[in-house]
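Worksheet: one structure, shown below.
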Amino acid sequence: MMIRKVLCLVLALALCGAMAFAEEDGDLQAQLDAANERIAELETQVELYQPYYDAQVIVEYDGGVVFLDDILEQYAGVDSQFSSYYGVSLADYGYDTVYKQLIAETLLQDAVLEAKATELGLDQLDDETMAGLTEEAAANFESYVTSVWDYFASDDLTDEEIREECITNLEAMGYTEDALLETLIDNYVSEQLYNYITADVTVTEEDIQAAFDELVAEQEASFADDSTYNTSRNNGDTIVWNPEGYRMVRHVLIKFTDDQATRYSELQDTLDTLNEELEALQTAAEEAAAATDESTTEATDETAAEATAEATDEAAAETTGETAAEATEAPARTEEEINAEIADVEAELTALYEELLPTAQEVIDAFNSGTSFSDLIDQYNEDPGMENEPTATNGYAVSANSTAWDPAFTEGAMSIESIGEISEPVYGQNGIHIIYYDSDIPAGAVDLETVRAEIEESALNTKLNDTYDNTLAEWVEAVNPVYHYDRL
Numbered sequence: 156m157m158i159r160k161v162l163c164l165v166l167a168l169a170l171c172g173a174m175a176f177a178e179e180d181g182d183l184q185a186q187l188d189a190a191n192e193r194i195a196e197l198e199t200q201v202e203l204y205q206p207y208y209d210a211q212v213i214v215e216y217d218g219g220v221v222f223l224d225d226i227l228e229q230y231a232g233v234d235s236q237f238s239s240y241y242g243v244s245l246a247d248y249g250y251d252t253v254y255k256q257l258i259a260e261t262l263l264q265d266a267v268l269e270a271k272a273t274e275l276g277l278d279q280l281d282d283e284t285m286a287g288l289t290e291e292a293a294a295n296f297e298s299y300v301t302s303v304w305d306y307f308a309s310d311d312l313t314d315e316e317i318r319e320e321c322i323t324n325l326e327a328m329g330y331t332e333d334a335l336l337e338t339l340i341d342n343y344v345s346e347q348l349y350n351y352i353t354a355d356v357t358v359t360e361e362d363i364q365a366a367f368d369e370l371v372a373e374q375e376a377s378f379a380d381d382s383t384y385n386t387s388r389n390n391g392d393t394i395v396w397n398p399e400g401y402r403m404v405r406h407v408l409i410k411f412t413d414d415q416a417t418r419y420s421e422l423q424d425t426l427d428t429l430n431e432e433l434e435a436l437q438t439a440a441e442e443a444a445a446a447t448d449e450s451t452t453e454a455t456d457e458t459a460a461e462a463t464a465e466a467t468d469e470a471a472a473e474t475t476g477e478t479a480a481e482a483t484e485a486p487a488r489t490e491e492e493i494n495a496e497i498a499d500v501e502a503e504l505t506a507l508y509e510e511l512l513p514t515a516q517e518v519i520d521a522f523n524s525g526t527s528f529s530d531l532i533d534q535y536n537e538d539p540g541m542e543n544e545p546t547a548t549n550g551y552a553v554s555a556n557s558t559a560w561d562p563a564f565t566e567g568a569m570s571i572e573s574i575g576e577i578s579e580p581v582y583g584q585n586g587i588h589i590i591y592y593d594s595d596i597p598a599g600a601v602d603l604e605t606v607r608a609e610i611e612e613s614a615l616n617t618k619l620n621d622t623y624d625n626t627l628a629e630w631v632e633a634v635n636p637v638y639h640y641d642r643l
């Protein structure tokens, strides 16, 4: 270990000094005795401090060690971030040892990479490169100053004084121009080392085909879930396999105002409550009828009418949580009463949608007069999805079994008979949709040639990263690391 190497050096210097002195003095034995006595003292000190040193060494390797304090310093930062997000520490979840081991491995890898970069001369930057990085560091630092300027600005300070205040506070947080330059240099050297390792990496036709086949199999398995399929499409992922029954649609959303949205939500809540009440009443009636049949068969001392009355009371009590007597005091509403109220609420919902219908009709009339649907989207649409890529260009993928969309939207999209046609006004959760049937999506794997560029890039990146990771693993193994994770 390093402490023993230092001891050997000290002893060597002591012996050399003793030999030189002995040559002058002539008393060699006395000098050797003194040297041996000093060696014994040093060995005693080594034995005394060795346990403290060993406790600090988490990884030993040819050429150096990874110390516990360095691991704990980085771990504190990771744990602080974790705590700020989740309100608990890594130790609370039992992740502390795992993360400390990961940090130890990363520090070892960093040391190995730094040594290899030095060995290859990649850390020797020419004047032009250094000048460029220095200029970039200065520009980055100025951007930090600008970002905090308003926070420290004051009418009582000059611009120069404000700038000094910004710089003082940035430096207190570790943001200095020198620190930024050091980071840029480290990143540059790391990039040169990555390029050195991966310089000869290429992909073959077999690599591309294998990557394509693997992605097809992966998507065929995962895209059975409609939500996963649409998420991938809407994220702009490379799609190489499509499930059955999908079509691409775009739409114009004529959106509820905030006030209309509130009214819609209130009416929908009322409608849901009424439907639940109606369902409960119908369930009670069905249970009562079933109990009546059973009672009619088994009853000996009761008439069929008495059995029916008793069964009805029991079913109603179970459904509402009331006793039969309580149910008599506050009888449930009839189906006719509930249905009448449901009809009133539905009429209010219809009236709410009718407030948007004039605009919807404008869209329909303009389309029927020859205006392109893309122009109508630009003019009328209020759905952000029709403004942001990739859905702005591609639209949405919808099938009869889609779960990713408002059911009204799905039904409206599938109601359109032919490509190039539009739907009737669709009453959805956010307003009225006018939906355009763009195209059908052929099921199964796509033609490789249509996605070759994306697959080739992905296959190359995978091969580059694998080559880098494998080379780094070999370099780490070559320094013979010994891990003391029991000391963490």
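Going left to right, the sequence shown walks through residues 156 to 643 as our numbering numbers them. C-beta atoms are modelled at their ideal positions from N, C-alpha and C, and glycine is treated no differently.
Between D368 and A559, the C-beta spacing is not below 8 Å. If only uninterrupted alpha helix (DSSP H) runs of at least 4 residues are considered, those enclosed by the segment 392-456 are 413-453.
Sixteen is the threshold: when 16 or more other Cβ atoms of the shown chains lie within 10 Å of the Cβ of E215, as they do, the residue is buried. According to the DSSP assignment, Y330 belongs to no beta strand (DSSP E), since it is labelled neither H nor E. Three or more beta-carbon pairs separated by less than 8 Å link the segment 599-611 to the segment 395-403, which places the two stretches in contact. As the crow flies, the alpha-carbon of E283 is around 18 Å from that of L335. Spanning the alpha carbons of L275 and G218 requires a straight line of approximately 17 Å. The segment 616-633 and the segment 263-272 touch, with no fewer than 3 CB-CB distances between them shorter than 8 Å. Excluding the 5 residues flanking it on each side, E544 has same chain C-beta neighbours closer than 8 Å at G391, in chain order. For D305, the uninterrupted alpha helix (DSSP H) run begins and ends at D282 to F307, by DSSP. Rounded to whole angstroms, T605 and I394 show a C-alpha spacing of 10 Å. Each of G540, S377 and L370 was checked against the Cα of A614, and the nearest Cα belongs to L370. Contact between L288 and I340 holds, with the beta-carbon distance rounding to 6 Å and staying under 8 Å.
Within the DSSP secondary-structure output, S382 pairs in no beta bridge.
When DSSP states are grouped into helix, strand and coil, E215 belongs to the strand group.
Burial state of V407 is buried, judged by a 10 Å Cβ sphere holding 16 or more other Cβ atoms. In this structure, the alpha-carbon of Y384 lies about 34 Å from that of E517.
Nearest to L268 by C-alpha distance, out of M285, A231 and N350, is N350. Ranked by Cα distance from L280, the first of S302, E337, C321 and A246 is E337. Counted as a single uninterrupted DSSP element, the beta strand (DSSP E) harbouring D595 occupies residues G586 to D595. In the structure shown, V253 falls within a helical segment according to DSSP collapsed to helix, strand and coil. For A552, the enclosing beta strand (DSSP E) has its first and last residue at Y551 to V553. Ranking T425, E490 and T412 by CA distance to the CA of T438 puts E490 first. Note on Q186: 16 or more other CB atoms within 10 angstroms of its CB, so buried under the neighbour-count rule. Contact check for I577 against I587 fails: the beta carbons are separated by 8 Å or more. Bounds of the alpha helix (DSSP H) holding I610 are R607 to A633. If you check the CB distance, Y299 and L325 come in under 8 Å. Taking Y508 as the centre and dropping the five residues before and after it, the same chain places the C-beta of Y582 and I587 closer than 7 Å to its C-beta, in chain order.
Separation of the CB atoms of I213 and Y640 is rounded to 7 Å, and the pair is thereby assigned contact status at 8 Å. In the structure shown, A365 adopts helical secondary structure according to DSSP, grouped into three states. In this structure, F222 is the residue among A195, Y343, V637 and F222 with its C-alpha nearest to the C-alpha of Y208.
Contact between the segment 411-420 and the segment 565-577 is absent: fewer than 3 CB-CB pairs across the two stretches fall below 8 Å.
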